[in-house]
Each structure stands twice: as structure tokens, then as C-alpha cells.
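S.K.: So that we are looking at the same thing, I have put the structure below in C-alpha cells.
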Amino acid sequence: MPRFGGMLRLDRFKSTMSEYLEDLNPAQRDAVTHRDGPLMVLAGAGSGKTRVITRRIAWLLQEGVAPGQILALTFTNKAAGEMANRVESLRGYRVHVATFHSACARFLRRDGHLLGYPQNFSIYDTYDRDSCIKQLLRSHHIQVGGAVTPNKVGSRISRLKNLGVGPEDFVSGLGEVDAVVRRIYSPYLVRMRDLGAMDFDDLLLRFRDLLVEHPDAAEMYQERFRYLLVDEFQDTNLVQYDLLKRLSAKYRNLCVVGDPDQSIYKFRGAEIRNILDYQDDYPDAVTIRLETNYRSSGCILAAAQGVIENNKGRMDKTLRTDAEFGAPVSICRYGSEQEEAEELTNGIWQLMSNGIDLGEVAVFYRTHSLSRTIEQAFRQRGLPYDVVGGLTFFERREIKDVLAYLRVLVNPLDDVSMLRVINVPPRGVGNVSLQKIIDRAADAELSLFEAVCDADCRGVVSGKARKGLESLAKVLTEARGEENPEEAVRIVLKGTEYLGYAGGLGDPQDASREENILELINDAAQFAEESDEGLAEYLQHVSLLTSQDEQHGEGPRISLMTVHSAKGLEFDYVFTIGLEEGLFPHSRSFEDPEGMEEERRLMYVAMTRARKALALSYVSFRMINGETRRQDMSRFLGEIPDECGTRMGMPWGYEADGDGDTVYEADDGIDYDPGDQLEDDTVQLCEGAYVVHPEYGPGQVLRLSGSGIRMKVVVLFQDGREKTLIPEYAGLQVIDGSEEW
DNA sequence: GCTCTGGCTCTTTTT
DNA sequence: GAGCCAGAGC
Numbered sequence: 179m180p181r182f183g184g185m186l187r188l189d190r191f192k193s194t195m196s197e198y199l200e201d202l203n204p205a206q207r208d209a210v211t212h213r214d215g216p217l218m219v220l221a222g223a224g225s226g227k228t229r230v231i232t233r234r235i236a237w238l239l240q241e242g243v244a245p246g247q248i249l250a251l252t253f254t255n256k257a258a259g260e261m262a263n264r265v266e267s268l269r270g271y272r273v274h275v276a277t278f279h280s281a282c283a284r285f286l287r288r289d290g291h292l293l294g295y296p297q298n299f300s301i302y303d304t305y306d307r308d309s310c311i312k313q314l315l316r317s318h319h320i321q322v323g324g325a326v327t328p329n330k331v332g333s334r335i336s337r338l339k340n341l342g343v344g345p346e347d348f349v350s351g352l353g354e355v356d357a358v359v360r361r362i363y364s365p366y367l368v369r370m371r372d373l374g375a376m377d378f379d380d381l382l383l384r385f386r387d388l389l390v391e392h393p394d395a396a397e398m399y400q401e402r403f404r405y406l407l408v409d410e411f412q413d414t415n416l417v418q419y420d421l422l423k424r425l426s427a428k429y430r431n432l433c434v435v436g437d438p439d440q441s442i443y444k445f446r447g448a449e450i451r452n453i454l455d456y457q458d459d460y461p462d463a464v465t466i467r468l469e470t471n472y473r474s475s476g477c478i479l480a481a482a483q484g485v486i487e488n489n490k491g492r493m494d495k496t497l498r499t500d501a502e503f504g505a506p507v508s509i510c511r512y513g514s515e516q517e518e519a520e521e522l523t524n525g526i527w528q529l530m531s532n533g534i535d536l537g538e539v540a541v542f543y544r545t546h547s548l549s550r551t552i553e554q555a556f557r558q559r560g561l562p563y564d565v566v567g568g569l570t571f572f573e574r575r576e577i578k579d580v581l582a583y584l585r586v587l588v589n590p591l592d593d594v595s596m597l598r599v600i601n602v603p604p605r606g607v608g609n610v611s612l613q614k615i616i617d618r619a620a621d622a623e624l625s626l627f628e629a630v631c632d633a634d635c636r637g638v639v640s641g642k643a644r645k646g647l648e649s650l651a652k653v654l655t656e657a658r659g660e661e662n663p664e665e666a667v668r669i670v671l672k673g674t675e676y677l678g679y680a681g682g683l684g685d686p687q688d689a690s691r692e693e694n695i696l697e698l699i700n701d702a703a704q705f706a707e708e709s710d711e712g713l714a715e716y717l718q719h720v721s722l723l724t725s726q727d728e729q730h731g732e733g734p735r736i737s738l739m740t741v742h743s744a745k746g747l748e749f750d751y752v753f754t755i756g757l758e759e760g761l762f763p764h765s766r767s768f769e770d771p772e773g774m775e776e777e778r779r780l781m782y783v784a785m786t787r788a789r790k791a792l793a794l795s796y797v798s799f800r801m802i803n804g805e806t807r808r809q810d811m812s813r814f815l816g817e818i819p820d821e822c823g824t825r826m827g828m829p830w831g832y833e834a835d836g837d838g839d840t841v842y843e844a845d846d847g848i849d850y851d852p853g854d855q856l857e858d859d860t861v862q863l864c865e866g867a868y869v870v871h872p873e874y875g876p877g878q879v880l881r882l883s884g885s886g887i888r889m890k891v892v893v894l895f896q897d898g899r900e901k902t903l904i905p906e907y908a909g910l911q912v913i914d915g916s917e918e919w
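Read in order, the letters of the first sequence correspond to residues 179 to 919 in the numbering used here.
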């Protein structure tokens, strides 16, 4: 985590100017040495953008700008940390590098009281936001169901907030969701304020409010941060851009770096238009284009270029490279996702046997759901991997439960968190008792936390519920004021016997929930040790972690992630799977030409992550939502120039080793029907049959029930587990004879 | 008040 | 297949 401040100065960092500049090309050098005034750097993929930003910071420091006067904003905490470290190693100074959200959170912790927020406000993620909305819908007697779900209402409100549209400006459309939003939007804002809580959008909006409503505070920030640098500017939204304009209003040293071809976050309010507006808003801005790619082979670059050129509304830009043409991009078609996963595994084994570092291998996909088949194959073949994003550690149920306890300790107004834990683990507080205490709290104008901690209020319930609330109050009172996050976690766990409860959740053989909680203790301990900050800071820190910030296992590992998470990263070997119409480009973008262009930019991002080799694959049949569908090749593959791709065979010359694997050529019209194999298996499936499950391993069928598509089997697995499975979905393989295991 | 079951929906991407 | 929810049954 980047820490602000740190004024250490070491003489050995005194360098001559040329040291920062000599390995830069002329355009990069111009960007680095631009002194004052607005600067826009249009940086193509792999053109050394990060290097330019860090060198520029180092250069500014050398020019006499104080470290505290520089604020750099990046996309992930990880990127921020790396950038801060690089600057530190160049100059020996720590500068402020943060994400938009964490910077705003930090500022609001200090000055949010000017807006009436407690210093220890809670930060709600999407899930918490939806819980809050769910409660609001209930209290407004709005029926949930069909199109109206807390999540849909929440996303709609979020979108409006990103556009800077308040409840008073909102002209609702015709849809059901809009009708609900019209009723709920304003109450939601009020409710969040009462809870002392902010969602992700609020962090930006409230900080903007602060700048607008408190000119003295605004001036203080303007004086403080005289030099602003923004990475990934193409993915900022209107509110973020507005913030930047206000922050830089006095000194106008706003340096933005971005690539319109890599704008992939429209769905969360990003505006490529910001790049065009920037030129209007700062007519005197210097614009520098970085057009030399230092990352990818010539072939990969040409292939990516061939794809992105199909976008109509695009700033003209061509990337050059001096790199060798390199190996052609491999384009493979497989029969099914299982085959895709298997061949992917084979390809990676091949790389490994050539001594490749697995840390330089990545697998990208458009949607998280595609990771599962790949993960299974990797696990079976013993390949170490990390999944970036998806359900992250801090989004897990048991972790969120424990964090909710911590949150109410820090912010007693936080009823959403209190509701989450008031009966977790179960302590006899059912709906009836819960409603009683909620009503009592409302009458007494107390938060739920306060009501639970007040013996008088607890008096409204009796019996088991009362006892439960008493024990809860006892834990909360005991833990309250504990500043050390690790200690706080321990007190909560002990007082609530949460570990025992978590152990009983779900699969009894699955110890991962307890392990996760122990991991949380470690994380909290580590935070306390490294930062000497308290519980409130710890909560803020974990609330704003990004999917790329997660720590992973030891040793080199293959990275699995969505293309969105891949932005800003690079790998020697990149596999992108699921290049099929409807998946990538995703069907949700079909009607909308702008959406399709964004999909294409996404493809461009995926391709340009690769340094040495790029393999793209698609399948003829894929199981989607429990239904096997016939898939067509992605249009993007057709846009790759012929001289850049080999449309057959295994990645990079891998040959099937005669075990009967079929190699498909693209568009050869071969109809592979995975149903054939399925039917064969189903026929053999009978009581006593030996089977292998991709996850649970070998087992024996105990009973069958139902028939055809409704058929279920009960299987006793070797490890003693008994599972009821639907053969069609479970991927069960029937094997003959017990000698197999 | 708690737990289990069956029915329903689900899959875009994230701070 | 998985997560969520409502309703039934204990």
C-alpha cells in the first residue's frame, strides 16, 4: 500500500538530468520534461506510458517541486504502489500515488465532517449498497421481482450518479426500474447519509461537494497538489474529470495520460469524450503522442492494429515497432470447452517443458464464467494458477460477516452492517424480534447498534432473542475501542464463536471458510504491523482494494483473468479463450454500435498485452446457462490480417501426440457433436457403475432416479463424500471396472 | 426460530 | 450447476 508522506532525502539519488532521459525517445522525453501547464499524452499500447509518468514525477522533483505537491492517480492500488516505489527508487522520495477512490476516501476522512459525515464513515461495496436498497424497497412497500431487483435499481442509481445526475435532475424513462428509481433515489441518498456510509460513487461525488461547497477547502487542496498526473484518463468518468478540473483550477498543471483505443469502462460511466473535452477545456494544452510500441512482436501488433482499425469513431493513430515480426498469432478452433481447456493445458505444458516461467503466461476471457473449465483442467494437470478478480477474498461471505462486525464498532450508525450480523451466527433473533428492536431503535432515534447495546431497548424482546442480544452487546462493548484490527477480529471471533459457525456452513469437508478467516487475521496483523494505523484505516483499506490487488500464492503461477482486469498488465504468452459471437463480442453489445466498438477495444486490449506470443481460441459447442449451444467464431478473428495468423493447429506448433486428439481447422464445416459422447455415457450409467467426476474424482453410483434430462445419480466418492448429481451437467465420466481405482 | 427443499434466475465487464 | 428466496415442516 502506498503511504503518503515520507520526506527522506538521500544524496545518492541526486542524478543528472540526462540519467532520467537518455533511454527515452524524443516524444517520451518531451512528455517527461514538460514543465507547467496542461499536458495530454496519447499513449498507445506498450508505448512506455508508465515509464513516462514515473520519470516525469522524478524529473519534477529534480526541478525542485516538493514531493507533497504531486498527486498521481492510477487505476489500481497495485499500480499506485509500484509507481510510488519506482519514483522512490529514482529519487528517494515518497509521493502521493493513489486510485481516485482511495484518494477521495482519504481526503474525506479528514474533511468529510464539513459535509456532516463522521470521520469513520463506512464504505459500501456493491453488495452492501444493494442490501441498503433492499431495505429501502421494503420500507417503501415496493414489490421486488421481475425487472425490479435491488441490484438493478442500485446499478441504475449508480449510473445516474456517475453521470452527475441527481434525483432532482432525473427525468425517468418508461421502464419499471426507472419508476422505482424515481421513488427511491432521493431516500437512498438520505439513508446513506444517516448511516454515515458512502458507496463507491459517493466517494467521488462527496469530495466534489466538498470542493464546491467549501472554497477554502478547495483552495487548500489546490495549493497542496500543484501537479496532478492521471493515468488511464480514457477511463475516467464525468465526475472524475470534474474533480480534476477543480483540483487543478489554480495552477493548471494537469497531466493526463491515456489511450482512446483502450477505453473499456463505458458501462461504469467512463467517457472517452473526456479526451476530446480536455482539448476544448485546455486549448493551450500540449499534446504528445507516444506511437512506438516496445512491448509486442511485430506480428501481434499488426494483428491488433488490424482489428482496431475496424472501429469507426476513432482518433487516427498508428503504432510503430522495431521489434521482429515474430511467430504468427495462433487461432484455434476446438469442439467443446473441455477440449479447449485440455489443449490450453497441453500448450502450457509445452511452454513449461521449454523452460518458460509460468508467471509470464496469462489466460484471458470475456466473462468470469469461462474460468471454471480452465481451472478444472489446470487442477487436474497440476498447473499452478491464480484467478484475478471474480469473487475476491474480501467479498466472501465469512469475511464480509467479520468485517461487518468491525464496521459497526467503528461506525455505530451503520445499520446495514448491523443488520448483517445481528443474527449471525444465529442467536435467536428472528424476524419478529428483529422488527421489534428496529422499531424501538427508530422510536428512540437510535441506531441499531446503540439500541442493541442499550439494556432498556433490548427489553422489547424476550426469551432466546433477549439472551442473544445481550451476548451480542457484550461482545460489541468488549471490542469497542480496540484500535488494533487483529485484536478486534480476535475478540469478535471469540465472543461470537463465529469460527465454529463458519465451519458448519456448507460442505463439512470444506475447511476453506475457517482458513479464510484465519487469513483475515493474518492480513489484519500484517496491516497493523506495517502501518501503525488503526481499525478504521484498516477497514478503509480493505474496502478499496481492487481485484488486481489481491495477494496470491507463492511461486510462478499462470494468471487467469477477464480482459478488463488485464488492462495495464503484460505477459510474454497470452491465451485468450472463448472468441465466439455472443461471448466476445458479448451479445449485450449487439444492438448498440458503440457497445460493439467497445468490445473491439476490449479485444485490442487483450491482444496488446502479449509480448512474444498470442493464441486465440474458440469452440463449436459451449455450455452456457446449463444449455449446450452451437457457437460461431468471433467476428474479431476474421478481422485479423491473414499474414498475422495461423488458423489451424495447436498454439505455437504444438502437435497432438497421437492419442487420438483431433485438430480442427477453422471453418472447415466439421460438425462435432458433444452429445454423442454424452449419450454413450448415459447409456452405461447404472447402479454400481464406476465414474469419475472432474472435481470429486472417482466414485461409484449408488442409485439413479428420474430419466432423460431429469435424471439424477447419487454417487459415493472415494473420499467418502456422497453427492447427488445431474449427469448432464456434472461432467461425469463412466469408466469400466473397479481396477481403475 | 431454524433448516431444508424446490423453484427460480442466472452471466458482461469493476471502483 | 449455483446462489438466492419463499414456504413448509420441525
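Just so you know, even glycine gets a beta-carbon here, dropped at the ideal spot from N, CA and C.
Residue 632 and residue 624: beta carbons closer than 8 Å?
M.R.: What you label residue 632 is simply residue 454 of the first sequence in a count that begins at 1. What you label residue 624 is simply residue 446 of the first sequence in a count that begins at 1. Taking 8 Å as the Cβ cut-off, residue 632 and residue 624 qualify as a contacting pair.
S.K.: Compute the Euclidean distance between the alpha carbons of residue 279 and residue 304, then round it to the nearest angstrom.
M.R.: Taking the first sequence and counting its residues from 1, the one referred to as residue 279 is at position 101. Taking the first sequence and counting its residues from 1, the one referred to as residue 304 is at position 126. Answer to the nearest angstrom: the Cα atoms are 14 Å apart.
S.K.: When you compare the CB positions of residue 248 and residue 273, do they come within less than 8 Å of one another, or not?
M.R.: Position 70 of the first sequence, counting from 1, holds the residue named residue 248. Position 95 of the first sequence, counting from 1, holds the residue named residue 273. Yes. Within cutoff.
S.K.: Considering only the alpha carbon of each residue, which of 478, 530 and 693 lies closest to residue 818?
M.R.: Here residue 818 is taken as the residue at index 640 of the first sequence, counted from 1. Answer by Cα proximity: 478.
S.K.: Check whether the Cβ atoms of residue 339 and residue 383 sit closer than 8 Å, and answer yes or no.
M.R.: Numbered from its first residue, the first sequence carries residue 339 at position 161. Numbered from its first residue, the first sequence carries residue 383 at position 205. Result yes, Cβ atoms of residue 339 and residue 383 sit closer than 8 Å.
S.K.: Run through the DSSP bridge pairs and tell me what residue 301 is partnered with.
M.R.: Taking the first residue of the first sequence as 1, we reach residue 301 at position 123. Note: residue 301 sits in a beta bridge opposite 376.
S.K.: Residues in the same chain with beta-carbon distance under 7 Å from residue 350, minus the five sequence neighbours each way, listed in chain order, please.
M.R.: Here residue 350 refers to the residue found at position 172 of the first sequence. Result list for residue 350: 356, 357, 359 and 360, in chain order.
S.K.: Grab me the residues of residue 198's own chain with a C-beta within less than 6 Å of its C-beta, minus the 5 sequence neighbours each way, in chain order.
M.R.: Taking the first sequence and counting its residues from 1, the one referred to as residue 198 is at position 20. Excluding positions up to five away in sequence, the list reads 233, 236 and 237.
S.K.: Residue 603 to residue 675, Cα distance in whole Å?
M.R.: Within the first sequence, residue 603 is the residue found at index 425, counting from 1. Within the first sequence, residue 675 is the residue found at index 497, counting from 1. When rounded, the distance between both Cα atoms is 8 Å.
S.K.: Considering Cα atoms alone, identify which of 453, 567 and 551 is closest to residue 154.
M.R.: The question about residue 154 has no answer, for the chain in this structure spans 179 to 919.
S.K.: Hey, out of 514, 681 and 627, whose CA is closest to residue 693's CA?
M.R.: Here residue 693 corresponds to residue number 515 of the first sequence, with the count starting at 1. Answer by Cα proximity: 681.
S.K.: At the level of alpha carbons, what is the spacing between residue 275 and residue 213?
M.R.: Walking along the first sequence from the start, residue 275 turns up at place 97. Walking along the first sequence from the start, residue 213 turns up at place 35. When rounded, the distance between both Cα atoms is 19 Å.
S.K.: By DSSP's criteria, residue 878 is part of a beta bridge. Which residues make up the other side?
M.R.: Position 700 of the first sequence, counted from the start, is the residue given in the question as residue 878. Its beta-bridge partners are 868 and 894.
S.K.: Please check the pair residue 416 and residue 344, which I expect to be a contact at CB under 8 Å, by giving their CB distance rounded to whole angstroms.
M.R.: Here residue 416 corresponds to residue number 238 of the first sequence, with the count starting at 1. Here residue 344 corresponds to residue number 166 of the first sequence, with the count starting at 1. That pair is no contact at about 13 Å.
S.K.: Indicate whether residue 607 and residue 641 have their beta-carbon atoms separated by less than 8 Å.
M.R.: Position 429 of the first sequence, counted from the start, is the residue given in the question as residue 607. Position 463 of the first sequence, counted from the start, is the residue given in the question as residue 641. No, these two residues do not count as a Cβ contact at 8 Å.
S.K.: To the nearest angstrom, how far is the alpha carbon of residue 744 from that of residue 542?
M.R.: Translated into the one-based positions of the first sequence, residue 744 becomes position 566. Translated into the one-based positions of the first sequence, residue 542 becomes position 364. The alpha-carbon atoms of residue 744 and residue 542 are separated by roughly 8 Å.
S.K.: Excluding the 5 residues preceding and the 5 following residue 866 in the sequence, name in chain order all residues of the same chain whose CB lies nearer than 7 Å to its CB.
M.R.: Here residue 866 is taken as the residue at index 688 of the first sequence, counted from 1. Within the same chain, residue 866 has close Cβ partners 878 and 879.
S.K.: Got a sec, what are the start and stop residues for the beta strand (DSSP E) residue 510 sits in?
M.R.: Locating residue 510 in the first sequence gives position 332, counting from the first residue. Segment 507–514, the beta strand (DSSP E) holding residue 510.
S.K.: With distance defined between alpha-carbon atoms, name the residue in 772, 795, 314 and 378 nearest to residue 336.
M.R.: Numbered from its first residue, the first sequence carries residue 336 at position 158. Closest by alpha carbon: 378.
S.K.: Count the other CB atoms, across all protein chains shown, that sit within 10 Å of the CB of residue 812; report buried if there are 16 or more and exposed otherwise.
M.R.: One-based indexing of the first sequence puts residue 812 at position 634. Per the 10 Å Cβ criterion, buried.
S.K.: Apply the 10 Å Cβ neighbour rule to residue 557 and answer buried if 16 or more other Cβ atoms are within range, or exposed otherwise.
M.R.: For the purposes of this step, residue 557 is taken as residue 379 along the first sequence, with counting starting at 1. Exposed.
S.K.: Residue 221 lies in the beta strand (DSSP E); which residues open and close that run?
M.R.: Against the first sequence, residue 221 aligns to sequence position 43. First-last of the beta strand (DSSP E) with residue 221: 217–221.
S.K.: Pull up the distance between the alpha-carbon of residue 399 and that of residue 425, whole angstroms please.
M.R.: Start at 1 with the first residue of the first sequence, and residue 399 comes out as number 221. Start at 1 with the first residue of the first sequence, and residue 425 comes out as number 247. Roughly 7 Å between the two C-alpha positions.
S.K.: May I ask which residues mark the beginning and end of the alpha helix (DSSP H) holding residue 822?
M.R.: As a position in the first sequence, residue 822 is number 644, starting the count at 1. Element bounds for residue 822: n/a, residue is neither H nor E.
S.K.: So, using beta-carbon positions, are residue 413 and residue 448 closer together than 8 Å?
M.R.: Start at 1 with the first residue of the first sequence, and residue 413 comes out as number 235. Start at 1 with the first residue of the first sequence, and residue 448 comes out as number 270. Yes.
S.K.: Taking the alpha helix (DSSP H) that residue 642 belongs to, which residues open and close that run?
M.R.: Working through the first sequence from its first residue, we reach residue 642 at position 464. From DSSP, the alpha helix (DSSP H) with residue 642 extends over 641–657.
S.K.: Within this structure, are the beta carbons of residue 277 and residue 722 separated by less than 8 Å?
M.R.: Locating residue 277 in the first sequence gives position 99, where the first residue counts as 1. Locating residue 722 in the first sequence gives position 544, where the first residue counts as 1. In contact: residue 277 and residue 722 (Cβ atoms closer than 8 Å).
S.K.: Can you check which of these residues, 809, 821 and 526, is closest to residue 751 by C-alpha distance?
M.R.: Taking the first residue of the first sequence as 1, we reach residue 751 at position 573. The residue with the shortest Cα to Cα distance from residue 751 is 526.
S.K.: Count the CB pairs spanning the region 708–726 and the region 242–257 that are closer than 8 Å, and state whether there are at least three.
M.R.: Yes, the region 708–726 is in contact with the region 242–257.
S.K.: Between residue 776 and residue 490, is the Cβ-Cβ spacing less than 8 Å?
M.R.: As a position in the first sequence, residue 776 is number 598, starting the count at 1. As a position in the first sequence, residue 490 is number 312, starting the count at 1. Against a cut-off of 8 Å, the Cβ pair of residue 490 and residue 776 comes out as no contact.
S.K.: Give the secondary structure of residue 385 by DSSP, where H, G and I count as helix, E and B as strand, and everything else as coil.
M.R.: If you number the first sequence from 1, residue 385 lands on position 207. If DSSP states are grouped into helix, strand and coil, residue 385 belongs with the helices.
S.K.: Could you check which residue in 718, 732 and 764 has the C-alpha nearest to that of residue 740?
M.R.: In the first sequence, the residue the question calls residue 740 occupies position 562. Nearest C-alpha to residue 740: 764.
S.K.: Got a sec, what are the start and stop residues for the beta strand (DSSP E) residue 811 sits in?
M.R.: The residue labelled residue 811 in the question sits at position 633 within the first sequence. Note, residue 811: premise wrong, no beta strand (DSSP E); not H, not E.
S.K.: So which of 801, 292, 231 and 288 has the shortest CA-CA distance to residue 263?
M.R.: Numbered from 1 along the first sequence, position 85 holds the residue referred to as residue 263. Cα-wise, what sits closest to residue 263 is 231.
S.K.: Quick check on DSSP: helix, strand or coil for residue 751?
M.R.: Here residue 751 is taken as the residue at index 573 of the first sequence, counted from 1. Residue state, collapsed to three classes: strand.
S.K.: At which residue ranges does the region 578–639 contain complete alpha helix (DSSP H) runs of 4 or more residues, listed in the order of the chain?
M.R.: DSSP runs (the alpha helix (DSSP H)) wholly in the region 578–639: 593–599, 609–621, 626–630 and 633–636.
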